[in-house]
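To start, the structure itself, in structure tokens.
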Amino acid sequence: MKNVINTANDPYLNMAVEEYLLRTLSLQDDCFMLWQNSPAIIIGRHQNAWEEINSAYVKEHQIAVVRRLTGGGAVYHDLGNINFTFVVRDGGRGFDFDRFAQPIVQALARMGINARASGRNDILIDGRKFSGNSEYRQGERLLHHGTLLFASDLSVLGQALQVKPHKIASKGIKSVQSRVTNIADYLTQPVSQTAFREAIMEAVAAELGAELSDFRLQPSDLAAIQKLRTEKYATWEWNYGQAPKFNVQHSQRYGFGEIDVRLEVVRGQIQSCTIYGDFFSNGDISKLAAQFTGVSYEQQALAAAIGKLDLKHYFPELSPQAFLQLLID
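So in numbering that gives the first Met the number 0, spot 235 of the sequence shown is number 234, and the numbers just go up one at a time.
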């Protein structure tokens, strides 16, 4: 397994590095990477950026907002947070976050910290979250990444993220800050970031039975990554996009995440459909949304449109009846 050396702190560039590792045919070996960002909010692929951030605070404090390839919810990064990425060959199995959470759990166990994977994509210490994970598949390649709040500024995190009240209520706590924690607070003796990173790499090698060999991106790789950064990840269109016109909004939180549907309905016919949320999906959600353009906004027509879809490709745990109910209620 290649241990990709990446010392960049540019959040736009680091998103481009991940995509490059996933998509580049010459890099077919399994890869592992530890990396860090300067202050940034990294939003999930299917989220509406305007509704996930405190815009005034983010602008005032010059915090970057970057959309990633993977689904899930928004997270805050700074230099006290360490990110890990796996890019591996994968047989197309369902989402399997525990597979990549265990090396992290084991690394912390060696430091005397009892951590555990929990829920759909979190790793916790004493019931408090320090790591959120997400995945994206392309063919037989899988990108899995996660955060590790080591010594992050949690006061900034709490002000920069505009978390929806029902999401907080569903966790049974009062604020974002109260449900997250730093790993450093649980160490019996101080550990440097360098030593912590080395412990993570040792645990990854041991858990996956794969030797990590250092790999440095070449000038041609870096040029392609810089181009991807400039043309995609640093653009307003990718990170924010045009806010959709809509006059119908329905949202529902399920066990696998929230789905938020926005429809523009003119004279009883759907003119546009946009689907947001912090869910994970193997499919391109924009292609699903496009199937409703031109459909009459009434139950029978919607049911017929849903019946033509491979809904399980987009939402494996959602029935056609439940999706129909979401659209009409």
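Cβ atoms here follow ideal geometry from the backbone N, Cα and C, with glycine treated the same way.
Could you give the residue range of the alpha helix (DSSP H) that holds residue i?
i	result
Thr273	Unbroken run through Thr273 is the beta strand (DSSP E), 268-276; no alpha helix (DSSP H).
Gly145	Unbroken run through Gly145 is the beta strand (DSSP E), 140-148; no alpha helix (DSSP H).
Ala365	The chain is shown from 0 up to 328; residue 365 falls before or after that span and cannot be answered.
Ser154	153-159
Arg196	192-207
Ala321	319-327
Leu310	310-313
Restricting to Cα atoms, I'd like to know which of the options is closest to residue i.
i	options	result
Ile269	Asp259, Phe278, Asn246	Asn246
Ile40	Val64, Glu50, Ala194, Ala114	Val64
Trp49	Ala73, Phe255, Ile305, Asp29	Ala73
Leu68	Gln299, Asp309, Ala303, Phe278	Phe278
Lys1	Thr187, Ala300, Met200, Gln298	Met200
Pro102	Phe291, Gln290, Lys226, Phe195	Phe195
Gln290	Leu308, Gly276, Tyr296	Leu308
Tyr313	Thr6, Asp97, Ser295, Tyr135	Tyr135
Asp283	Val87, Leu160, Lys311	Lys311
Phe83	Asn113, Thr6, Asn47	Thr6
Phe96	His143, Gln105, Ile81, Tyr75	His143
Phe85	Asn281, Leu207, Pro315	Leu207
Trp34	Glu17, Met110, Val294	Glu17
Thr273	Gly267, Val260, Gln161	Val260
Thr292	Val265, Leu156, Ser280, His45	Val265
Asp89	Ser280, Leu141, Leu160, Ala205	Leu141
Val57	Gln137, Val87, Gln161, Leu107	Gln161
Glu51	Tyr253, Gly267, Leu156	Leu156
Gln331	Val87, Arg115, Gly126, Ala303	The structure shown does not extend to residue 331, since the chain is modelled only from 0 through 328, so no value can be given for it.
Ala114	Val294, Asn181, Ala304	Asn181
Where do the ends of the beta strand (DSSP E) carrying residue i lie?
i	result
Gln356	Past the edges of the chain, shown from 0 to 328, lies residue 356, and the structure says nothing about it.
Ser130	127-137
Leu123	121-124
Tyr75	74-76
Phe85	80-88
Ala116	114-117
Give the straight-line distance between the Cα atoms of residue i and residue j, rounded to the nearest whole angstrom.
i	j	result
Ser177	Thr193	For Ser177, the pLDDT reaches just 47, beneath the cut-off of 50, and the residue's location in the model is therefore unreliable, although a value from the coordinates is still provided. Going from the Cα of Ser177 to the Cα of Thr193 covers about 27 Å.
Val3	Leu287	35 Å
Phe214	Asp28	11 Å
Glu139	Arg22	11 Å
Tyr275	Leu221	32 Å
Asn13	Leu148	17 Å
Ile167	Ser117	The predicted position of Ile167 is uncertain, since its pLDDT is 46 and thus under 50; a value taken from the coordinates is nonetheless stated next. Rounded to whole angstroms, Ile167 to Ser117 spans 16 Å at the Cα level.
Ala100	Leu186	19 Å
Tyr19	Pro189	35 Å
Gln329	Ala15	An answer regarding residue 329 cannot be provided, because it is not within the stretch 0 to 328 covered by the chain.
Gly131	Asn80	12 Å
Ser37	Gln248	35 Å
Pro218	Asn8	18 Å
Thr234	Asp121	29 Å
Ser285	Tyr239	15 Å
Leu317	Glu210	40 Å
Ser169	Arg66	Legend: pLDDT at Ser169 = 49, less than 50; position of this residue unreliable, value from coordinates given subsequently. So the two alpha carbons sit approximately 24 Å from each other.
Ser271	Leu227	29 Å
Ile124	Ser212	30 Å
Ser133	Arg98	12 Å
Gly306	Pro315	15 Å
His45	Glu257	10 Å
Ser174	Thr146	Because Ser174 carries a pLDDT of 41, less than 50, the predicted location of this residue cannot be relied on, and the following value inherits that uncertainty. Computed Cα separation, rounded: 19 Å.
Ala204	Asn281	28 Å
Gln61	Tyr253	34 Å
Ala303	Glu230	39 Å
Glu236	Ala223	20 Å
Does the distance from the C-beta atom of residue i to that of residue j stay below 8 Å?
i	j	result
Gln251	Leu301	no
Val179	Lys128	yes
Tyr296	Leu323	no
Arg119	Phe31	no
Asp77	Ser154	no
Ser232	Tyr11	The question names Ser, but residue 232 in the sequence shown is Tyr. Result yes, Cβ atoms of Tyr232 and Tyr11 sit closer than 8 Å.
Asn53	Gln158	yes
Gly43	Gly70	yes
Gln320	Ala202	no
Ala332	Arg109	No answer is possible for residue 332: it lies beyond the span of the chain, which begins at 0 and ends at 328.
Ile327	Gln298	yes
Can you confirm whether residue i, when its beta carbon is compared against all beta carbons of chain D, has any partner nearer than 8 Å?
i	result
Gln105	Going by chain labels, chain D is absent from the structure shown, which holds only one protein chain.
In chain order, each beta strand (DSSP E) run of at least 3 residues that lies wholly inside the region 210-296 | 212-214, 247-253, 256-265, 268-276
Segments of 3+ residues assigned as beta strand (DSSP E) that fall wholly inside the region 0-68 | 1-3, 30-34, 39-42, 63-66
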